[in-house]
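Chains as they are written, first to last, in numbering that gives the first Met the number 0: chain S, 0 to 396; chain U, 0 to 396.
Worksheet: one structure, shown below.
2 protein chains.
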Amino acid sequence: MEAILRHRLTKRCKIPRNVPKLGWEQAPRRSSSGSSSGCCRNERASILKRTMAKGEEVSNKQIILRDYVSGFPKESDMALKTSTMRLKVPEGSKGVLVKNLYLSCDPYMRSRMRKPGALSYIDSFTPGSAIIGYGVAKVLDSGHPDFKEGDLIWGMTGWEEYSLIPETEALFKIHYTDVPLSYYTGILGMPGVTAYVGFYEICSPKKGEYVFISAASGAVGQLVGQFAKLMGCYVVGSAGTNEKVDLLKNKFGFDEAFNYKEENNLDAALKRYFPEGIDIYFENVGGKMLDAVLLNMRLHGRIAVCGMISQYNLDQLEGVHNLFSLISKRIRMEGFIIFEYYHLYPKFLDLVWQYIKEGKIVYVEDKAEGLESGPAALIGLYTGSNVGKQVVVVARE
Amino acid sequence: MEAILRHRLTKRCKIPRNVPKLGWEQAPRRSSSGSSSGCCRNERASILKRTMAKGEEVSNKQIILRDYVSGFPKESDMALKTSTMRLKVPEGSKGVLVKNLYLSCDPYMRSRMRKPGALSYIDSFTPGSAIIGYGVAKVLDSGHPDFKEGDLIWGMTGWEEYSLIPETEALFKIHYTDVPLSYYTGILGMPGVTAYVGFYEICSPKKGEYVFISAASGAVGQLVGQFAKLMGCYVVGSAGTNEKVDLLKNKFGFDEAFNYKEENNLDAALKRYFPEGIDIYFENVGGKMLDAVLLNMRLHGRIAVCGMISQYNLDQLEGVHNLFSLISKRIRMEGFIIFEYYHLYPKFLDLVWQYIKEGKIVYVEDKAEGLESGPAALIGLYTGSNVGKQVVVVARE
Numbered sequence: 000m001e002a003i004l005r006h007r008l009t010k011r012c013k014i015p016r017n018v019p020k021l022g023w024e025q026a027p028r029r030s031s032s033g034s035s036s037g038c039c040r041n042e043r044a045s046i047l048k049r050t051m052a053k054g055e056e057v058s059n060k061q062i063i064l065r066d067y068v069s070g071f072p073k074e075s076d077m078a079l080k081t082s083t084m085r086l087k088v089p090e091g092s093k094g095v096l097v098k099n100l101y102l103s104c105d106p107y108m109r110s111r112m113r114k115p116g117a118l119s120y121i122d123s124f125t126p127g128s129a130i131i132g133y134g135v136a137k138v139l140d141s142g143h144p145d146f147k148e149g150d151l152i153w154g155m156t157g158w159e160e161y162s163l164i165p166e167t168e169a170l171f172k173i174h175y176t177d178v179p180l181s182y183y184t185g186i187l188g189m190p191g192v193t194a195y196v197g198f199y200e201i202c203s204p205k206k207g208e209y210v211f212i213s214a215a216s217g218a219v220g221q222l223v224g225q226f227a228k229l230m231g232c233y234v235v236g237s238a239g240t241n242e243k244v245d246l247l248k249n250k251f252g253f254d255e256a257f258n259y260k261e262e263n264n265l266d267a268a269l270k271r272y273f274p275e276g277i278d279i280y281f282e283n284v285g286g287k288m289l290d291a292v293l294l295n296m297r298l299h300g301r302i303a304v305c306g307m308i309s310q311y312n313l314d315q316l317e318g319v320h321n322l323f324s325l326i327s328k329r330i331r332m333e334g335f336i337i338f339e340y341y342h343l344y345p346k347f348l349d350l351v352w353q354y355i356k357e358g359k360i361v362y363v364e365d366k367a368e369g370l371e372s373g374p375a376a377l378i379g380l381y382t383g384s385n386v387g388k389q390v391v392v393v394a395r396e
Numbered sequence: 000m001e002a003i004l005r006h007r008l009t010k011r012c013k014i015p016r017n018v019p020k021l022g023w024e025q026a027p028r029r030s031s032s033g034s035s036s037g038c039c040r041n042e043r044a045s046i047l048k049r050t051m052a053k054g055e056e057v058s059n060k061q062i063i064l065r066d067y068v069s070g071f072p073k074e075s076d077m078a079l080k081t082s083t084m085r086l087k088v089p090e091g092s093k094g095v096l097v098k099n100l101y102l103s104c105d106p107y108m109r110s111r112m113r114k115p116g117a118l119s120y121i122d123s124f125t126p127g128s129a130i131i132g133y134g135v136a137k138v139l140d141s142g143h144p145d146f147k148e149g150d151l152i153w154g155m156t157g158w159e160e161y162s163l164i165p166e167t168e169a170l171f172k173i174h175y176t177d178v179p180l181s182y183y184t185g186i187l188g189m190p191g192v193t194a195y196v197g198f199y200e201i202c203s204p205k206k207g208e209y210v211f212i213s214a215a216s217g218a219v220g221q222l223v224g225q226f227a228k229l230m231g232c233y234v235v236g237s238a239g240t241n242e243k244v245d246l247l248k249n250k251f252g253f254d255e256a257f258n259y260k261e262e263n264n265l266d267a268a269l270k271r272y273f274p275e276g277i278d279i280y281f282e283n284v285g286g287k288m289l290d291a292v293l294l295n296m297r298l299h300g301r302i303a304v305c306g307m308i309s310q311y312n313l314d315q316l317e318g319v320h321n322l323f324s325l326i327s328k329r330i331r332m333e334g335f336i337i338f339e340y341y342h343l344y345p346k347f348l349d350l351v352w353q354y355i356k357e358g359k360i361v362y363v364e365d366k367a368e369g370l371e372s373g374p375a376a377l378i379g380l381y382t383g384s385n386v387g388k389q390v391v392v393v394a395r396e
């Protein structure tokens, strides 16, 4: 991480700036009917070959949000649209023009599909415009002195083949390329640093403590569990299929794991795995699981509230009844959002990259091929159909 | 506070010892029928006169819990009972024999009336034995070198005229007697140090912040509000009668106050008083108020969870729906119990005693006369019939 980038990263406790408006929110120069039929394979290959021709106007497939979503999102809430994009940063712009390689499907994106409201911490998507999310991309043209053609970056980009990113403050240059580039949508990107901050900064973990992680096989959960094991904690995870439970125990090295869908009584399940209670709960799901966890926390327990995916598609959120435990067990429960902690990214990156190289940490991705597969992949997060970190492969280079 | 006492006080983050078993939990030597009829005034005066006769066996009125309580407690859940007590510490005991002067009615006592269960942080009362609570008392006999006849103390004692307290670790000697002794059940006792710790230690307050306090005219709330005003915060309190609202605004100097029973929409009420949101919520009530507060917290807000009195008499606790705010607003919500912070008592005492002497802090008590009035006074907490700190006067000296 270069100094010039680092000093611009948002510090904790500062009110974060809004996510910058990106080029793809401007009206497309030409658009298709919005149908979901894509171009044929040959045509696509031909476009890819031509991307190096700076300044050329090319076809640019995008996944747009049709309209704000309430209830459970459907594939048809999104659509494939084809615009054009000139592969050059406009005169005077300090932005970058990138070719998107890997796009990240993250649970928080559900809140950006919602009509703007008080509870949301991030701007809603603009209906009719491309979805915005974390991704890995290659710089094709740059108006900024810190970026040059050929640089690899990760950060907020568009769900489209090419993006003009007018402000580069929220972009990270990729230096370690001896790992799969897609890792920068997950273990070495936003979910990775989320796991790192949530566990080390919010949970205040100590060796030997009892750690429970919900949605444990996801991008964040799998890493939290491995951090906790490396610290010498007892670690249990919950997930929604037996395949994921198997992954947790046999791939990620959790001490125990269970399929919450097969448990009639979550309180009883937690008591089975934590007869002495839970010191640390890494909260990814909310609702009934949180209620059961509250009954099983130990004195001075800590709950890092990272996400509540079980609640994202409900119009009426579930009530949590056992908050008196916060008093009786003197629990600290703390929510956090990663964009206030990116100043810790360089420290995180060096640690986790090293862990990966040494084989101390493993990582499982679920790759959907092609931009067209994006809507189904994103929606799959909320039914739990992904196994490991869900990535959309737009292009491999 | 003497050094020998101070070093024994429970430190934060240590698992606290159990509240010591007290003498009144032993079988009484003689008991009445358990009816609520007390002795006549002359007889009582006669007993009081005789208390100085060390070693004498005297009649000892007690308020006992008849049986565990579910739902809303009633006066008839308690009973007046008359035992006898020898006014001397047993041979070899390191305890003290005290005459109780003032007894404290505190919301947490409801949980001690409940059948022992997982969620409680403190032992239940023993049915048939005297209720236990904070009080102010005078030492009549002592087996401990740190206490002598005539010393005034506050701490855990029995709801009875005389108590044998076998362990003195949880007792505080009273040194400042230029304030009403009853203050040591409130502003200079457990509720006072609760307000101090909750506000200064848990809420991490800063000058100019927006502070909301529920049950604000109670023993803890009135002091939290005054601490916050002294720090230069904007302070709003809620209470359940217009008389209390008037007290908050005109006696305790809150900026604003409202009667929550007259508000159809707590969210709207909070938005009226906090158009820019709440930085600090001092939580005394739980339930619907907490849910409304969560919708009105500011970024990086803090919630000190001190009590949830609205929930104590419910068999099924209310669900809290807006916990996603913990993430979207990056809120820290933390429960605490005062017995882990008594090491801060000396610092607190010097500060607040000084504030009282300087007239910077005022205090309102609601005194019920006579041990017999205890059950009604205690139950009154849960209907909000007390105005200010509820004290039971057993004897004035």
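Ideal placement from N, C-alpha and C gives every residue a C-beta, glycine not left out.
Asked                                                                                                                                                                                     : Found
Consider the Cβ of Asn321/U: report whether some Cβ of chain S lies at a distance smaller than 9 Å.                                                                                       : yes
Going by beta carbon distance, what residues of the same chain come within less than 6 Å of Leu294/U, once the five residues before and after it are set aside?                           : Asp266 and Asn321
Give the DSSP-derived three-state secondary structure of Val391/U in the structure shown.                                                                                                 : strand
Using a C-beta cutoff of 9 Å, does Met288/U count as contacting chain S?                                                                                                                  : no
By Cβ distance below 7 Å, which residues in the same chain neighbour Gly379/U in space, the five residues on each side in sequence not counted?                                           : Asn385 and Gln389
To the nearest angstrom, how far is it from the Cα of Ser82/U to the Cα of Phe124/U?                                                                                                      : 18 Å
Quick check on the DSSP output: what are the complete alpha helix (DSSP H) runs of length 4 or more inside the segment 168-207 of chain S, in order along the chain?                      : 189-195
Thinking C-beta only, is Lys250/S closer than 9 Å to Val178/S?                                                                                                                            : no
Kindly say whether Glu339/S, judged by its beta-carbon, lies nearer than 9 Å to any beta-carbon of chain U.                                                                               : yes
Are there 16 or more other CB atoms within 10 angstroms of the CB of Arg5/S, so buried, or fewer, so exposed?                                                                             : Low per-residue confidence applies at Arg5/S: pLDDT is 31, beneath 50, and the placement is therefore not dependable, though the value from the model is reported in the following sentence. Burial call: exposed.
For Arg65/S, which option in Cys104/S, Pro126/S and Leu96/S has the closest C-alpha, if you only look at C-alpha atoms?                                                                   : Pro126/S
How many whole angstroms separate the CB atoms of Trp153/S and Ile130/S, which I take to be in contact at a CB cut-off of 8 Å?                                                            : Trp153/S to Ile130/S, Cβ: 17 Å. No contact.
Say whether chain S places a C-beta atom closer than 9 Å to the C-beta of Gly220/U.                                                                                                       : no
Residues of the segment 280-312 of chain U with a CB closer than 8 Å to any CB of chain S: list them in chain order, please.                                                              : Gly285, Leu289, Leu294, Leu298, His299, Val304, Cys305, Gly306, Met307 and Gln310
Along the chain, where does the beta strand (DSSP E) that runs through Leu96/U open and close?                                                                                            : Val95 to Ser103
So what's Thr240/U in DSSP terms, helix, strand or just coil?                                                                                                                             : coil
Roughly how many angstroms lie between the CA atoms of Gly22/S and Leu229/S, to the nearest whole one?                                                                                    : Reliability of the predicted coordinates at Gly22/S is poor, the pLDDT of 41 falling under 50, and no value is obtained from them.
Give every residue of the same chain whose Cβ lies closer than 7 Å to the Cβ of Glu364/S, excluding the five residues on either side of it in the sequence, and list them in chain order. : Ser181, Gly185, Gly387, Lys388 and Val390
Using a Cβ-Cβ distance cut-off of 9 Å, determine whether Arg331/U contacts chain S.                                                                                                       : yes
Leaving aside the five residues before and after Lys147/S along the sequence, list all residues of the same chain whose C-beta is less than 6 Å from its C-beta, in chain order.          : Ser141
Let me see if you follow: with CB-CB separation under 9 Å, is Gly318/U close to chain S or not?                                                                                           : yes
So, are the CB atoms of Leu102/U and Gly306/U less than 9 Å apart?                                                                                                                        : no
Indicate whether at least one CB of chain S lies closer than 9 Å to the CB of Ile277/U.                                                                                                   : no
Given a threshold of 16 other Cβ atoms within 10 Å of its Cβ, counted over all protein chains shown, does Val393/S qualify as buried or as exposed?                                       : buried
DSSP on His342/U, reduced to helix/strand/coil?                                                                                                                                           : helix
Applying a beta-carbon distance threshold of less than 8 Å, which residues of chain U neighbour Ile326/S?                                                                                 : Tyr120, Val304, Cys305, Gly306, Met307, Gly334, Phe335 and Ile336
Helix, strand or coil for Gly22/U per DSSP?                                                                                                                                               : Unreliable placement is indicated for Gly22/U, whose pLDDT of 41 sits below 50; no coordinate value is reported for it.
Classify Ser324/S: buried if its beta carbon has 16 or more other beta carbons within 10 angstroms, exposed otherwise.                                                                    : buried
Per the contact definition of three or more C-beta pairs closer than 8 Å, is the segment 218-235 of chain U in contact with the segment 331-345 of chain U?                               : no
Please classify Ala376/S: is it buried, with 16 or more other beta-carbons within 10 angstroms of its beta-carbon, or exposed?                                                            : buried
DSSP three-state label for Asn249/S, please.                                                                                                                                              : helix
Ignore the nearest five residues each way along the sequence and tell me which others in Cys39/S's own chain have a CB closer than 8 Å to its CB.                                         : Unreliable placement is indicated for Cys39/S, whose pLDDT of 39 sits below 50; no coordinate value is reported for it.
Of all the options Asp122/U, Lys60/U and Gly318/U, which has the alpha carbon lying nearest to the alpha carbon of Glu160/U?                                                              : Lys60/U
Residues in its own chain within less than 8 Å of Arg113/S by CB, not counting five upstream and five downstream?                                                                         : Tyr67, Val68, Ser69, Ser119 and Ser123
Which of helix, strand or coil does DSSP assign to Ile355/S?                                                                                                                              : helix
Please list, in chain order, all residues of the same chain as Arg297/S whose beta carbon is under 8 Å from its beta carbon, the five residues on each side excluded.                     : Tyr209, Glu275, Gly276, Ile277, Asp278 and Lys328
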